[in-house]
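For reference, the structure is listed below as structure tokens.
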Amino acid sequence: MLSYILKRILSLLPVLFVVSVVIFLVVYLIPGGPATAMLGLEASAQQIEELNAQLGFDRPFLVQYADWLAGVFRGDWGQSYFLDVPVLTAIAEYFGPTLSLAILAQVVSLVFAIPMGMLAAYKRGTAVDLATVSISLLGTAIPGFLLSMFFMLFFGVYLQWLPVAGYAPMAQGLGEHLRYLALPALSLGVVQAAYITRMTRSALLDVLYKNYIRTARAKGLRESAILFGQALKNAAPTILTVVGQSFGSLVTGTIVTETIFNIPGLGMLTMSSINQRDVFVIQGVVLFVTVIYVLVNLAVDILYGLVDPRIQLGRQ
Numbered sequence: 371m372l373s374y375i376l377k378r379i380l381s382l383l384p385v386l387f388v389v390s391v392v393i394f395l396v397v398y399l400i401p402g403g404p405a406t407a408m409l410g411l412e413a414s415a416q417q418i419e420e421l422n423a424q425l426g427f428d429r430p431f432l433v434q435y436a437d438w439l440a441g442v443f444r445g446d447w448g449q450s451y452f453l454d455v456p457v458l459t460a461i462a463e464y465f466g467p468t469l470s471l472a473i474l475a476q477v478v479s480l481v482f483a484i485p486m487g488m489l490a491a492y493k494r495g496t497a498v499d500l501a502t503v504s505i506s507l508l509g510t511a512i513p514g515f516l517l518s519m520f521f522m523l524f525f526g527v528y529l530q531w532l533p534v535a536g537y538a539p540m541a542q543g544l545g546e547h548l549r550y551l552a553l554p555a556l557s558l559g560v561v562q563a564a565y566i567t568r569m570t571r572s573a574l575l576d577v578l579y580k581n582y583i584r585t586a587r588a589k590g591l592r593e594s595a596i597l598f599g600q601a602l603k604n605a606a607p608t609i610l611t612v613v614g615q616s617f618g619s620l621v622t623g624t625i626v627t628e629t630i631f632n633i634p635g636l637g638m639l640t641m642s643s644i645n646q647r648d649v650f651v652i653q654g655v656v657l658f659v660t661v662i663y664v665l666v667n668l669a670v671d672i673l674y675g676l677v678d679p680r681i682q683l684g685r686q
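This is the structure we're talking about:
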């Protein structure tokens with residue numbers, strides 16, 4: 371197991387290296403350079419030159435990249451030009467709401483997706499299957515921002531059950547915290563549930579017609595035991611992969627939803643940094659969410675051996 375984990379980590383290092391180069395290059399692709407982006411087009415040439423010298427942008431590219439990469443490993447991701455705090459401090463402050471929203475949205479998606487996918491696969495070709503597939507396709511086709519606005523209008527304005535925007539930290543109580551996250555988590559969870567439902571159905575259909583399932587039925591096993599004990603267990607690696615990708619996208623792709631519901635998460639931090647031309651925060655957020663996505667996929671790979679004993683991690 372340990373050797374497998376080490377191999378997976380080593381295989382991810384080239385990916386992180388390439389991503390770090392791309393992230394660092396993005397700053398230099400900005401028209402006029404990073405100093406112009408920070409000061410604005412109205413800045414004078416002398417002001418731009420002074421800021422370049424102050425921040426070290428006048429040094430050779432490789433030297434700057436080496437210093438930046440060394441700072442990343444030291445925990446020095448730069449200083450926010452607009453917030454006037456270290457980039458890691460800003461990310462840590464804004465990551466909590468994003469993580470809470472992603473976890474709650476993932477729970478919502480799994481509550482709907484797994485039962486619906488199992489039911490559609492078991493009732494293949496029936497009206498239940500057709501309705502489930504149609505609903506999942508509709509959920510995939512509807513834009514997330516449009517679904518968010520519909521939920522705000524229906525649950526927040528008409529029914530007045532939930533707040534339409536804002537955020538309550540955990541310090542104000544778990545109930546209040548979940549109450550403010552309910553609508554954005556529902557809008558994100560429905561979209562993810564549509565995708566997970568289709569993949570769960572597909573994974574179970576690949577299993578339900580295998581010979582060992584027919585043998586289990588011939589032995590007189592109950593359908594519930596076959597579905598949960600045999601089919602779902604053998605389809606688990608595929609479902610786990612989809613869930614891992616879903617959670618990674620929830621952590622890294624909530625910019626629009628957080629902006630609509632005014633949630634102070636990484637999405638709002640990214641938008642404000644773009645508007646304020648805070649290039650160091652943009653670099654840090656992109657690098658951070660990339661690392662999170664990579665770690666989520668690594669965790670999924672490790673969990674394969676726990677959900678499916680046929681996968682011998684130590685022999686990979």
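Be aware that the sequence shown starts at 371, since it is given in our numbering, and climbs by one per residue.
The beta-carbon is built from N, C-alpha and C at its ideal position, and this holds for glycine as well.
Quick caveat: nothing in here was measured; it's all calculated off a predicted structure.
- What whole-angstrom Cβ distance do L558 and L610 have, given they're in contact under 8 Å? Residue numbering aside, residue 558 sits at position 188 when the sequence shown is read from its first letter. Residue numbering aside, residue 610 sits at position 240 when the sequence shown is read from its first letter. The Cβ separation is near 20 Å, so there is no contact.
- Query: So, Y318 versus L636, is the Cβ gap smaller than 9 Å?
  - Reply: Only positions 371 to 686 of the chain appear in the structure, and residue 318 is not among them; the question remains open.
- Span separating the alpha-carbon of Q686 from that of T502: Locating residue 686 in the sequence shown gives position 316, where the first residue counts as 1. Locating residue 502 in the sequence shown gives position 132, where the first residue counts as 1. Per-residue confidence for Q686 stands at a pLDDT of 48, beneath the threshold of 50, marking its modelled position as unreliable; no derived number is given.
- Query: Do G487 and T570 come within 9 Å of each other at the CB atom, strictly closer than that value?
  - Reply: Residue numbering aside, residue 570 sits at position 200 when the sequence shown is read from its first letter. Residue numbering aside, residue 487 sits at position 117 when the sequence shown is read from its first letter. Yes, the Cβ-Cβ distance between T570 and G487 is below 9 Å.
- Report the rounded CA-to-CA distance for I484 versus I566, giving the unit in angstroms. On the sequence shown, residue 484 is found 114 positions in, with the first residue counted as 1. On the sequence shown, residue 566 is found 196 positions in, with the first residue counted as 1. For I484 and I566, the distance between alpha carbons rounds to 7 Å.
- Note down the Cα distance separating R584 from V396, rounded to an integer number of angstroms. Here residue 584 corresponds to residue number 214 of the sequence shown, with the count starting at 1. Here residue 396 corresponds to residue number 26 of the sequence shown, with the count starting at 1. CA-to-CA, the gap between R584 and V396 works out to about 56 Å.
- Message: Looking at the strands, I want to know which residues DSSP matches up with Q449.
- Response: Working through the sequence shown from its first residue, we reach residue 449 at position 79. In DSSP, Q449 forms a bridge with P456.
- Distance between A491 and Q600 (C-alpha atoms, nearest Å): Start at 1 with the first residue of the sequence shown, and residue 600 comes out as number 230. Start at 1 with the first residue of the sequence shown, and residue 491 comes out as number 121. Roughly 14 Å separates the two Cα atoms.
- Task: Look at the alpha carbon of V661 and the alpha carbon of L551, and state the distance between them as a whole number of angstroms.
- Result: For the purposes of this step, residue 661 is taken as the residue at position 291 of the sequence shown. For the purposes of this step, residue 551 is taken as the residue at position 181 of the sequence shown. Rounded to the nearest angstrom, the two C-alpha atoms are 25 Å apart.
- Does DSSP put I469 in a helix, in a strand, or in coil? Looking up residue 469 in the sequence shown gives position 99. The residue asked about is misnamed: residue 469 is Leu in this sequence, not Ile. Residue state, collapsed to three classes: helix.
- When burial is assigned at 16 or more other CB atoms within 10 Å of the CB, is F387 buried or exposed? One-based indexing of the sequence shown puts residue 387 at position 17. Answer is exposed; the Cβ neighbour count stays below 16.
- Query: Given L471, which residues of its chain have a CB within under 8 Å of its CB, disregarding the five upstream and five downstream residues?
  - Reply: The count along the sequence shown starts at 1 and reaches residue 471 at position 101. For L471, same chain residues with a beta-carbon under 8 Å away, outside a window of 5 residues either side, are L551, P554, A555, L558, L620, T624, T627, E628, I633, G635 in chain order.
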